[in-house]
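First to last, the sequence lines map onto chains A, B and C.
Numbering of the first sequence is given in our numbering, commencing with residue 95 and proceeding in unit increments.
Numbering of the second sequence is given in our numbering, commencing with residue 1121 and proceeding in unit increments.
Numbering of the third sequence is given in our numbering, commencing with residue 3 and proceeding in unit increments.
Here a beta-carbon is modelled for each residue, glycine too, at the ideal position from N, C-alpha and C.
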Amino acid sequence: MPEMTEPVATDRTEGAAAPGGNGPEPQAAPRSLWGDAWRDLRRNPIFYISAVLILFLVVLSIWPSLLTGTSPYACDLGRSQQGPAPGHPFGFNTQGCDVYARTVYGARASVTVGICTTVLAAVIGCLFGGLAGFFGGWWDSLLSRIGDIFFGIPILLGGIVFLSVIKGGSIFTVVLLMAVLGWPQIARIARSAVISAKQQDYVQAARALGASTPRMLLRHIAPNALAPVIVVATIALGTYISLEATLSFLGVGLKPPTVSWGIDISSAATQIRNAPHMLLYPAGALSVTVLAFIMLGDAVRDALDPKLR
Amino acid sequence: MAEPTKTVGEREPILQVRDLVKHFPLTQGVLFKKQVGAVKAVDGISFDLYKGETLGIVGESGCGKSTVAKLLMNLERATAGEVFYRGEDITKLSGRALKAVRRNIQMVFQDPYTSLNPRMTVGDIIGEPYEIHPEVAPKGSRRQKVQELLDVVGLNPEYINRYPHQFSGGQRQRIGIARGLALNPEVIICDEPVSALDVSVQAQVINLMAQLQDEFDLSYLFIAHDLSIVRHISDRVGVMYLGRMAEIGTDEQIYEHPTHPYTQALLSAVPVPDPAAREGRERIILTGDVPSPADPPSGCRFRTRCWKAQDRCATESPVLAVPERFQGSDSPAAHASACHFAEVKDVVGAA
Amino acid sequence: MTSTEKTPAVPAPRDADSPLLQVRDLHVEFHTRDGVVKAVNGVNYSVSAGETLAVLGESGSGKSVTAQAVMGILDMPPAKIPRGEIRFRGQDMLTMSGEARRKLRGAKIAMIFQDALSSLNPVLSVGYQLGEMFRVHQGLSKKAALARAVELMDKVKIPAAKNRVHDFPHQFSGGMRQRIMIAMALALEPELIIADEPTTALDVTVQAQVMDLLAELQREFHMGLILITHDLGVVADVADKIAVMYAGRIVETAPVHELYKNPAHPYTRGLLDSIPRLDQKGQELYAIKGLPPNLLHVPQGCAFHPRCPKAQDICRTDAPALHTLGEGRRSACHFWKETVHG
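Pasting the structure below:
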């Protein structure tokens, strides 16, 4: 693109329904940018598909008993690796547990780990990245270098090493570890978003009015720097879920008795020739879940930043 | 350093700028930053702004005019020099004292698209000054005040709940002006307030600013590169070049009787919107570009592009004062000009 | 296709009657999620060799979109050209093959953009980018292409061209970068140059240098020049004829002297009147009331009527045709007679 074409400029100047003057008044209602984004989001079929899926998963992880009366722990070794049977649509795994029940109950671990890790990583990331971006100078050097140290450790490798040393295995330790290794990604985005928001004239205007630092941060910078963070965090949520499954698969993540897709995939993998159904269902559920979050992230990005289209 | 002078006569200076300097350090290295030089954005500027007047500041990009605006607003800390507001040096203020001064000096920004927070309603934007300075307006009266301001700048008061992106460029600039007016300031610094607007809308905003000046007895520092607009709105005009003031005087003195070669070249380069003037007009086409403010020429800043330059210009910085040959004369050429060889040369010609 | 011989200048005698470029009834629309934006609505203009046409208008008037359509660089999924002809030397460029069109572009028609910095590739040296034109279009060797690049840089008066040919775009000042853009446009000795706000980003003293250079080169190579701008001063300095655009339409065309002396459309008159004049000091500036229209909802009838001091009932209902007033003079106003006489 050699230069800004006129229609873009038009979109900005006159396209946004100029009130006043003497033209007609096409729309009188106030429209915030969040409102515009929400309107765009509701026009996007991808958003509906992913939102319905995610809603379903969340409900599932809170009340798994809505979908199955069978306990994931009620196992009968006698039915080990058997195929689908009445009342047990997905068949049984090696221990003779109901695969359907385990798939349903497995959502809880994945969704909990995904959401908690994202929230924790976002909080740490926004705090570090925001402060580094806003204050700059020494703060920036210090906080960014700390971030770089963690950023240099691949989450998977770090997870394998630390979890195998501390022999954890609870949801809490997995979440903590992934958040500690994952926040620099969000911090980087938050830092650059804050820096670009900080340079806008409206922040200068607020300073010229005598606004205090917290006011500038909370009122002017944070709302304008939030959009890219939300997008990255939503997409990261999907990857955290798949990471948890990977760690559990490798035997260092969640441990039984916690029901996790990763654990089930791990134990099914060796039996793939005899009983492919044991692998198929938890793996499918995992893929759909990760996909749903990544699709949501994409839809949110499209809505928040229409320029990307 | 000059003390703020009490002026004789009727005019009362409201802002006095004395030897103002701003150098931005150039650093190298990541962790241990080493200063390797400085961009001399503003390098010793002095002028007065009188009550109720408009002082235009013109100059090309890189001359430091926008930095002057930021220094006067205390958005940047001056490296040296003083800015006196009603006799008090405001460059060293901070905290509450600075906040108090800010009530009286406000700013209108260049870009109406980036100077309004897109996530706030127009009411919140114009009302923010009252939240920061709650003593100006009690809480209950704020909404009404904001609506009055919208009316003053020619916008429908019912638009109070709309967002900036629902307005056009000219209307956004009106919102910016309303925000600047909210605290009833005495001085408004206007940094290229119309250069981002369409030609047909520029005139509307200029008229509005002129009308508000009369209504509220405002003093404007009007920074712009459009010489014809500056001439229209200004009582006095200062011409900046590479961080220094080249020439300053009344609009007539500067436009009709410029004595600094840079002013003469600048005025002659402005295209005249009259094709009949195309042939007869004498134009001074300068050679080369403006030197970098990180490494300005010695002596007179303009000498590298000046057709009059002599050895003296490289060694001796000309001071901004009424040139000797015009001292005591009441000709319009007798105004401050920082040139060793200042003389009148008619350049405006047909305009 | 291209004349490969190195002897420049001395343009072949061309039939003077047929214009170099003719745009006829051009329409361009953009399909956005908010609806169809009719950016260009039946534009006609023509340029002959050696002539300068200034297209004057504000943002959203369609002046740049028209030029991009001529140049063939519109992004075609959002944009669409439902109707119109763009004839270069009599050939309609809209119906010719993509390959044929590409060959015209650069070789016969060149464009200069407003923002020279973003139009140059930052990671390639200026000499390489200038030489690329010769390597690609004329198959010159690397060395020969570089020599031609230096020649070109001399031509556009870049000092010490030989030493600077290996420099990168960011090492040049704004004015010098615009000179490089001009050099690049001139490289293949095109017959038509389209300059889209070539000096808007430049300072006044540099603007004067660049406009002078452009005019000089145009004379030397006898090129047609379309100058797209909003600056009435620049237009008065260089244009032969002017087309004034408003809301995607041409509202007035005229030779430069007549337009400034006697505008025949209220919009042109308003623009001229809003220039600050000496004798108006201390008074209100004349201002065209209202705002440029939203292109999604262009007013019925004459698009300018909500802002026009002369508007009558007919203006609200009937879109005025482009009336011919005289040689090269047209006005799209129902009341052009009254307007032209003050």
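Discussion item. Once DSSP output is grouped into helix, strand and coil, what is the label at His1143(B)?
Written reply: Position 23 of the second sequence, counted from the first residue, corresponds to residue 1143(B). His1143(B) falls in the strand class under three-state DSSP.
Worksheet item: From Leu1332(B) to Val212(C), what distance separates their C-alpha atoms?
Response: Within the second sequence, the letter at position 212 stands for residue 1332(B). Within the third sequence, the letter at position 210 stands for residue 212(C). Computed Cα separation, rounded: 38 Å.
Worksheet item: Apart from the five residues on each side of it in sequence, which residues of its chain come closer than 8 Å, Cβ to Cβ, to Met1360(B)?
Response: In the second sequence, the residue the question calls residue 1360(B) occupies position 240. Taken in chain order, the residues that qualify are Ile1165, Ile1177, Val1178, Gly1179, Cys1183, Gly1184, Lys1185, Val1188, Ala1366.
Worksheet entry | Neighbourhood of Arg1239(B) by C-beta, 7 Å cutoff - its chain only, sequence neighbours within 5 removed | Within the second sequence, residue 1239(B) is the residue found at index 119, counting from 1. If we look at Arg1239(B) and ignore the five residues flanking it on each side, it has no Cβ neighbours.
Worksheet item: According to the neighbour-count rule (16 or more other Cβ atoms, all chains shown, within 10 Å of its Cβ), is Gly1157(B) buried or exposed?
Response: What you label residue 1157(B) is simply residue 37 of the second sequence in a count that begins at 1. Flag for Gly1157(B) reads exposed.
Fill in: Host alpha helix (DSSP H) of Ile215(C) (start-end)
As a position in the third sequence, residue 215(C) is number 213, starting the count at 1. Position check: residue 215(C) holds Leu in this sequence, whereas Ile was assumed. Its alpha helix (DSSP H) spans residues 206-223.
Item to complete: Would you grab the beta carbon distance between Asp1139(B) and Gly1215(B) for me? Rounded to a whole angstrom, and I think it's under 8 Å.
Response: In the second sequence, the residue the question calls residue 1139(B) occupies position 19. In the second sequence, the residue the question calls residue 1215(B) occupies position 95. That pair is no contact at about 25 Å.
Worksheet item: Counting pairs of beta carbons, one from the stretch 256-267 of chain C and one from the stretch 1410-1422 of chain B, are three or more of them closer than 8 Å?
Response: Taking a cut-off of 8 Å on C-beta distances, the stretch 256-267 of chain C does not touch the stretch 1410-1422 of chain B, as fewer than three cross pairs fall below it.
Discussion item. I'd like the ranges of any alpha helix (DSSP H) spanning at least 4 consecutive residues and lying wholly in the stretch 235-298 of chain A.
Written reply: Note on the stretch 235-298 of chain A: whole alpha helix (DSSP H) runs with a minimum of 4 residues are 249-260, 265-292, in chain order.
Item to complete: My understanding is that Gln1373(B) touches His1455(B), with C-beta atoms under 8 Å, so please give their C-beta distance in whole angstroms.
Response: Reading the second sequence from its first residue, position 253 is the one you call residue 1373(B). Reading the second sequence from its first residue, position 335 is the one you call residue 1455(B). With 8 Å as the limit, Gln1373(B) and His1455(B) qualify as a contact, their Cβ atoms being about 4 Å apart.
Fill in: Residue closest to Met113(C), alpha-carbon to alpha-carbon, out of Val25(C), Pro79(C), His259(C), Ala197(C)
Taking the first residue of the third sequence as 1, we reach residue 113(C) at position 111. The shortest Cα separation from Met113(C) among Val25(C), Pro79(C), His259(C), Ala197(C) belongs to Ala197(C).
Worksheet item: Checking contacts by CB at 9 Å: is Asn1237(B) closer than that to chain A?
Response: Taking the first residue of the second sequence as position 1, residue 1237(B) is located at position 117. Output row for Asn1237(B): interface = yes.
Worksheet item: Taking just the CA atoms, how far does Ile1246(B) sit from Gln1267(B)?
Response: Taking the second sequence and counting its residues from 1, the one referred to as residue 1267(B) is at position 147. Taking the second sequence and counting its residues from 1, the one referred to as residue 1246(B) is at position 126. Looking at the two C-alpha atoms, the distance is approximately 9 Å.
Fill in: Selection from Ser126(A), Ala302(A), Ile315(A) that minimises the alpha carbon distance to Arg1282(B)
Walking along the second sequence from the start, residue 1282(B) turns up at place 162. Residue Ser126(A) is the option with its Cα nearest to Arg1282(B).
Item to complete: Starting from Pro1133(B), follow its DSSP beta bridges and name the residues at the other end.
Response: In the second sequence, the residue the question calls residue 1133(B) occupies position 13. The bridge partners DSSP lists for Pro1133(B) are Tyr1170(B).
Worksheet item: Among residues of its own chain, excluding the 5 on either side of Asp1318(B), which ones have a beta-carbon nearer than 8 Å to its beta-carbon?
Response: Within the second sequence, numbered from 1, the residue matching residue 1318(B) stands at position 198. So the qualifying residues of the chain are Gly1289, Gly1290.
Item to complete: Could you work out which residues of chain B lie near Ser126(A), taking near to mean beta carbons separated by less than 8 Å?
Response: Stepping through the first sequence from its first residue, residue 126(A) is reached at position 32. Correct list: Arg1239, Thr1241, Tyr1283.
Fill in: Inter-residue Cα distance where the pair is Pro301(C) and Thr341(C)
Reading the third sequence from its first residue, position 299 is the one you call residue 301(C). Reading the third sequence from its first residue, position 339 is the one you call residue 341(C). Computed Cα separation, rounded: 21 Å.
Worksheet item: Mind checking whether Gly62(C) and Ala81(C) have CB atoms under 9 Å apart?
Response: The count along the third sequence starts at 1 and reaches residue 62(C) at position 60. The count along the third sequence starts at 1 and reaches residue 81(C) at position 79. Not a contact, by the Cβ cut-off of 9 Å.
Item to complete: Answer with buried or exposed for Ser1388(B), where buried requires no fewer than 16 other C-beta atoms within 10 angstroms of its C-beta.
Response: Residue 1388(B) sits at position 268 when you count from the first residue of the second sequence. Classification for Ser1388(B): buried.
Worksheet entry | Chain-ordered chain B contacts of Asn318(A) [CB-CB under 8 Å] | In the first sequence, counting from the first residue as 1, residue 318(A) sits at position 224. Those are Asn1237, Pro1238, Arg1239, listed as they occur along chain B.
Worksheet item: By Cβ distance below 6 Å, which residues in the same chain neighbour Gly129(C) in space, the five residues on each side in sequence not counted?
Response: In the third sequence, the residue the question calls residue 129(C) occupies position 127. Apart from sequence neighbours up to five positions away, the residues of its chain that approach Gly129(C) with a beta-carbon distance below 6 Å are Leu148, Ala151, Val167, His168, ordered along the chain.
Discussion item. Residues of chain A with CB closer than 7 Å to the CB of Asp1231(B), please, in chain order.
Written reply: Residue 1231(B) sits at position 111 when you count from the first residue of the second sequence. The contacting residues are Asp295.
Fill in: According to DSSP, residues forming a beta bridge with Lys82(C)
For this step, residue 82(C) is matched to residue 80 along the third sequence. Answer is Glu31(C).
Practice prompt. Within its chain, find whatever has a CB closer than 6 Å to the CB of Leu147(A); leave out the 5 residues flanking it on each side and keep chain order.
Written response: Residue mapping note: residue 147(A) aligns to position 53 of the first sequence, counting from 1. Hits under 6 Å: Ala386.
Worksheet entry | Test item: CB-CB of Val1314(B) and Ile1225(B) under 9 Å | Counting from 1 along the second sequence, the entry for residue 1314(B) is found at position 194. Counting from 1 along the second sequence, the entry for residue 1225(B) is found at position 105. In this structure, Val1314(B) sits away from Ile1225(B), with a CB-CB distance that is not shorter than 9 Å.
Practice prompt. Could you list which residues in chain A have their beta carbon closer than 9 Å to that of Arg1206(B), in chain order?
Written response: Taking the first residue of the second sequence as position 1, residue 1206(B) is located at position 86. Neighbours of Arg1206(B) on chain A: none; closest Cβ ~17 Å, over 9 Å.
Worksheet entry | Cβ neighbour criterion (16 or more within 10 Å) applied to Asn187(A) | Stepping through the first sequence from its first residue, residue 187(A) is reached at position 93. The residue in question, Asn187(A), is buried, as its Cβ has 16 or more Cβ neighbours within 10 Å.
Worksheet item: Closer than 9 Å, CB to CB, is Ile1374(B) near chain C or not?
Response: What you label residue 1374(B) is simply residue 254 of the second sequence in a count that begins at 1. Residue contact check for Ile1374(B) against chain C: no CB pair falls below 9 Å.
Item to complete: Starting from Ala238(C), find everything on chain B with Cβ-Cβ shorter than 9 Å and list it in chain order.
Response: For the purposes of this step, residue 238(C) is taken as residue 236 along the third sequence, with counting starting at 1. Contact annotation for Ala238(C) against chain B: Pro1391, Val1392, Pro1393, Asp1394, Pro1395, Ala1396, Ala1397, Arg1398 [CB-CB distance below 9 Å, chain order].
Worksheet entry | Members of the stretch 194-207 of chain C near chain B, C-beta cut-off 8 Å | Identification of residues in the stretch 194-207 of chain C having a C-beta nearer than 8 Å to some C-beta of chain B yields Asp205, Val206, Thr207, given in sequence order.
Worksheet item: Are the Cβ atoms of Ile1353(B) and Met1329(B) separated by less than 9 Å?
Response: The sequence position of residue 1353(B) within the second sequence is 233, counting from 1. The sequence position of residue 1329(B) within the second sequence is 209, counting from 1. It is a contact, given that the beta carbons lie within the stated cut-off.
Worksheet item: Around the C-beta of Glu1399(B), are 16 or more other C-beta atoms found within 10 angstroms, so that it is buried, or is it exposed?
Response: Locating residue 1399(B) in the second sequence gives position 279, where the first residue counts as 1. Glu1399(B) sits exposed, since fewer than 16 C-beta atoms from the chains shown fall within 10 Å of its C-beta.
Worksheet item: In whole angstroms, what is the alpha-carbon distance linking Met1227(B) and Leu1301(B)?
Response: Here residue 1227(B) refers to the residue found at position 107 when the second sequence is read from its first residue. Here residue 1301(B) refers to the residue found at position 181 when the second sequence is read from its first residue. If I take the Cα positions, the gap works out to 9 Å.
Item to complete: Let me know if Glu1208(B) comes out buried or exposed under the rule of 16 or more other beta-carbons within 10 Å of its beta-carbon.
Response: Along the second sequence, read from residue 1 onward, the residue named residue 1208(B) stands at position 88. Counting Cβ neighbours within 10 Å, Glu1208(B) comes out exposed, since fewer than 16 surround it.
Worksheet entry | Per-residue contacts from Ile160(C) into chain B (C-beta, under 7 Å) | Counted from its first residue, the third sequence places residue 160(C) at position 158. Within chain B, no residue has its CB atom less than 7 Å from the CB of Ile160(C), the nearest being about 11 Å off.
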